[in-house]
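Read through the structure below, which is laid out as structure tokens, and then see the notes.
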Amino acid sequence: MPTGSLVEIARTPTTAAQPETIRVPEIEPGVGCNFDSYLLVPDTSLDTRIRAALDRLGSSVVILGHHYQRDEVIQFAHFRGDSLKLAQQAARTEARFIVFCGVHFMAESADILRQPHQQVILPDLNAGCSMADMATIDQVEACWDQLEALGGLNVVPVTYMNSSAAIKGFTGRQGGSVCTSSNAAAVLRWAFERGERVLFLPDEHLGRNTAYRMGIPLEQMIVWDPYQNLGGHSPGAIRQSRMILWKGYCSVHQRFLPEHVDRVRRQHPGIRVIVHPECRWEVVQKADRVGSTEQIAKTVSAAEAGTQWAVGTEIHLVNRLGKEFPDRTVISLDPNVCVCTTMFRIAPQHLLWALENLGQGRVVNRILVDEETKGGARLALERMLSLQ
Ligand code: SF4
Numbered sequence: 003m004p005t006g007s008l009v010e011i012a013r014t015p016t017t018a019a020q021p022e023t024i025r026v027p028e029i030e031p032g033v034g035c036n037f038d039s040y041l042l043v044p045d046t047s048l049d050t051r052i053r054a055a056l057d058r059l060g061s062s063v064v065i066l067g068h069h070y071q072r073d074e075v076i077q078f079a080h081f082r083g084d085s086l087k088l089a090q091q092a093a094r095t096e097a098r099f100i101v102f103c104g105v106h107f108m109a110e111s112a113d114i115l116r117q118p119h120q121q122v123i124l125p126d127l128n129a130g131c132s133m134a135d136m137a138t139i140d141q142v143e144a145c146w147d148q149l150e151a152l153g154g155l156n157v158v159p160v161t162y163m164n165s166s167a168a169i170k171g172f173t174g175r176q177g178g179s180v181c182t183s184s185n186a187a188a189v190l191r192w193a194f195e196r197g198e199r200v201l202f203l204p205d206e207h208l209g210r211n212t213a214y215r216m217g218i219p220l221e222q223m224i225v226w227d228p229y230q231n232l233g234g235h236s237p238g239a240i241r242q243s244r245m246i247l248w249k250g251y252c253s254v255h256q257r258f259l260p261e262h263v264d265r266v267r268r269q270h271p272g273i274r275v276i277v278h279p280e281c282r283w284e285v286v287q288k289a290d291r292v293g294s295t296e297q298i299a300k301t302v303s304a305a306e307a308g309t310q311w312a313v314g315t316e317i318h319l320v321n322r323l324g325k326e327f328p329d330r331t332v333i334s335l336d337p338n339v340c341v342c343t344t345m346f347r348i349a350p351q352h353l354l355w356a357l358e359n360l361g362q363g364r365v366v367n368r369i370l371v372d373e374e375t376k377g378g379a380r381l382a383l384e385r386m387l388s389l390q
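Each residue of the sequence shown is one higher than the last, beginning at 3 in my numbering.
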């Protein structure tokens, strides 16, 4: 039926026995720039329409799928991986449009690294990262002002890739660097060659786990609470610290507990436990291995048939590894599903909406980082990349 025609629907009045027929304009599911109409697109036609839109757009578009993305979406990705790798891969293509099926800070990173002719799209603007949101630029600047006011601290800021563009920009302007979960140790070594202590943003666990493996004792680490004066510490405690860990965490990796490691070892004798460094320090101490999403994927793919793995990271990656390597046992460390609920917000409907709008010449949900922020963020990223 064409758009704008009328359909008859039955409405049951509260008092009359017979239903009353009314006439309302029909909205063809998923046409135009209004996303809500895409919610009516039947699941059975989503894949076909996404493929058709991709065919029409050809090489003008590249789809990026983060490892934690749901299967119904990641199946359309031209590239899969972690956020830095994806942003770099997209910038090496000639595609005009980069559709990032990930979360907000990832799309910002792609916008920082993109070529001038490219535009970055996040299919759902509600796909944020709870960890990145735990460090706002106002909070971090207030922290920095307090540290400077103490005098003579010689602090180098290091921010995890999982932070907003504003925090990356701040870090670059203050002489610091970005790090990833793969290269955090190298970046911390670089930072300690330049300063006496590091302000590590925004994930306290990655900072603690990395510094501890480098030989810095826990007693020389403090956690900065942005809601307390001086982060909740005395000037003396701050002066004695070497790592100032921002009080932030990943709501997914935070859920893995030491007792999960004990239980999985009891239930699956011989199983190996591999966890992400965003997990708590107590969990990392009990694990056999610790590694980024890329390292986890590489470890399981290189493992021998018959080996058993309990993986402490987001459930979509764990399940995907289990499907890709059916001759290995791959299970989640937590029996209760650990989903990145914000990344899960990107549904096939959002992807279709973004692609069909592109097909009609409209760019929706563009992510654009301002030039000043980009300048600082690029400095912080370049310092990290120079170490590789
Ligand atoms: S898994 Fe954690 S750190 Fe990664 S995007 Fe989700 S909330 Fe953010």
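Don't be surprised by glycine CBs; every beta carbon is placed ideally from N, CA and C.
These figures come from a predicted structure and were not determined experimentally.
Shell residues, 5 Å Cβ cut-off relative to heavy atoms of the ligand SF4: 105, 131, 132, 133, 164, 252, 254 and 342
Contacting residues, own chain, Cβ-Cβ under 6 Å from residue 352 (five flanking each side not counted): For the purposes of this step, residue 352 is taken as residue 350 along the sequence shown, with counting starting at 1. Within the same chain, residue 352 has close Cβ partners 125 and 126.
Residue 230, DSSP secondary structure in three states: Here residue 230 is taken as the residue at index 228 of the sequence shown, counted from 1. Residue 230: coil per DSSP, three-state reduction.
Where residue 162 falls, given that 16 or more other Cβ within 10 Å makes a residue buried: For the purposes of this step, residue 162 is identified with residue 160 of the sequence shown, where counting begins at 1. Buried, by the Cβ-count rule.
Beta-carbon gap between residue 92 and residue 59 smaller than 7 Å: Translated into positions along the sequence shown, residue 92 becomes position 90. Translated into positions along the sequence shown, residue 59 becomes position 57. No, these two residues do not count as a Cβ contact at 7 Å.
Cβ-Cβ distance between residue 164 and residue 133 below 7 Å: Translated into positions along the sequence shown, residue 164 becomes position 162. Translated into positions along the sequence shown, residue 133 becomes position 131. Contact flag set, yes.
Enclosing beta strand (DSSP E) for residue 347 [first to last residue]: One-based indexing of the sequence shown puts residue 347 at position 345. It is not in any beta strand (DSSP E) - residue 347 carries neither H nor E in the DSSP assignment.
Residue from 325, 226 and 349 whose Cα sits closest to the Cα of residue 45: Position 43 of the sequence shown holds residue 45. Checked all of 325, 226 and 349; the closest Cα to residue 45 is 349.
Delimiting residues of the alpha helix (DSSP H) encompassing residue 273: For the purposes of this step, residue 273 is taken as residue 271 along the sequence shown, with counting starting at 1. Segment: none, residue 273 is in no alpha helix (DSSP H) and carries neither H nor E.
Anticipated Cβ contact below 8 Å, residue 184 with residue 296, distance rounded: Taking the sequence shown and counting its residues from 1, one reaches residue 184 at position 182. Taking the sequence shown and counting its residues from 1, one reaches residue 296 at position 294. Yes, they are in contact, since the Cβ atoms of residue 184 and residue 296 sit about 6 Å apart, within 8 Å.
Cα-Cα separation between residue 71 and residue 48, rounded to whole angstroms: For the purposes of this step, residue 71 is taken as residue 69 along the sequence shown, with counting starting at 1. For the purposes of this step, residue 48 is taken as residue 46 along the sequence shown, with counting starting at 1. Computed Cα separation, rounded: 17 Å.
Rounded distance between the beta-carbons of residue 314 and residue 281, thought under 8 Å: The residue labelled residue 281 in the question sits at position 279 within the sequence shown. The residue labelled residue 314 in the question sits at position 312 within the sequence shown. Correct: roughly 5 Å between the Cβ atoms.
Spatial distance of residue 116 from residue 386 (CA atoms): Sequence index remark: in the sequence shown, residue 116 carries index 114 (1-based). Sequence index remark: in the sequence shown, residue 386 carries index 384 (1-based). Using only the alpha carbons, I get a separation of about 17 Å.
For residue 68, the three-state DSSP class (helix, strand or coil): Here residue 68 is taken as the residue at index 66 of the sequence shown, counted from 1. In this structure, residue 68 counts as strand in the three-state DSSP scheme.
Distance, residue 382 Cα to residue 63 Cα: Position 61 of the sequence shown holds residue 63. Position 380 of the sequence shown holds residue 382. Each residue's alpha carbon lies about 28 Å from the other.
Residue 130 beta carbon near the ligand FMN (any heavy atom closer than 6 Å): As presented, the structure is devoid of the ligand FMN, carrying the ligand SF4 as its sole ligands.
Closest residue to residue 138 among 356, 248, 298 and 324 (Cα-Cα distance): Position 136 of the sequence shown, counted from the start, is the residue given in the question as residue 138. Here the closest residue by C-alpha is 248.
Of the listed residues 121, 235, 148 and 130, nearest to residue 363 (C-alpha basis): Looking up residue 363 in the sequence shown gives position 361. Ranking the options by Cα distance to residue 363, first place goes to 121.
Close-in-space but distant-in-sequence residues of the same chain around residue 370 (CB under 7 Å, 5 per side omitted): Here the question's residue 370 lines up with position 368 in the sequence shown. Cβ within range, chain order: 113.
Rounded separation between residue 39 and residue 75 - CA only: Here residue 39 refers to the residue found at position 37 when the sequence shown is read from its first residue. Here residue 75 refers to the residue found at position 73 when the sequence shown is read from its first residue. Looking at the two C-alpha atoms, the distance is approximately 19 Å.
Between the CA atoms of residue 61 and residue 216 - distance to the nearest angstrom: Along the sequence shown, read from residue 1 onward, the residue named residue 216 stands at position 214. Along the sequence shown, read from residue 1 onward, the residue named residue 61 stands at position 59. About 44 Å.
Sufficient close CB pairs (3 or more, under 8 Å) joining the region 319-335 to the region 236-255: no
With 16 other Cβ atoms within 10 Å as the buried cut-off, status of residue 178: Counted from its first residue, the sequence shown places residue 178 at position 176. That one is buried.
Of the listed residues 338, 276 and 287, nearest to residue 467 (C-alpha basis): Because the chain in this structure spans residues 3 to 390, residue 467 falls outside the shown range and cannot be described.
Coil, strand or helix - residue 251 by DSSP: Numbered from its first residue, the sequence shown carries residue 251 at position 249. Reduced to three states, the DSSP call for residue 251 is coil.
Close Cβ partners of residue 288 (< 6 Å) along its chain, the five nearest in sequence each way excluded: Here residue 288 is taken as the residue at index 286 of the sequence shown, counted from 1. These residues qualify, in order along the chain: 260 and 263.
DSSP bridge partner residues for residue 203 (one or two, in chain order): By 1-based counting over the sequence shown, the position of residue 203 is 201. Answer by DSSP bridge pairing, in chain order: 161.
Close-in-space but distant-in-sequence residues of the same chain around residue 355 (CB under 6 Å, 5 per side omitted): To locate residue 355, count along the sequence shown from 1; it is residue 353. Hits under 6 Å: 37 and 40.
Length of the line joining the Cα atoms of residue 166 and residue 142: Here residue 166 corresponds to residue number 164 of the sequence shown, with the count starting at 1. Here residue 142 corresponds to residue number 140 of the sequence shown, with the count starting at 1. The straight-line gap from Cα to Cα measures roughly 12 Å.
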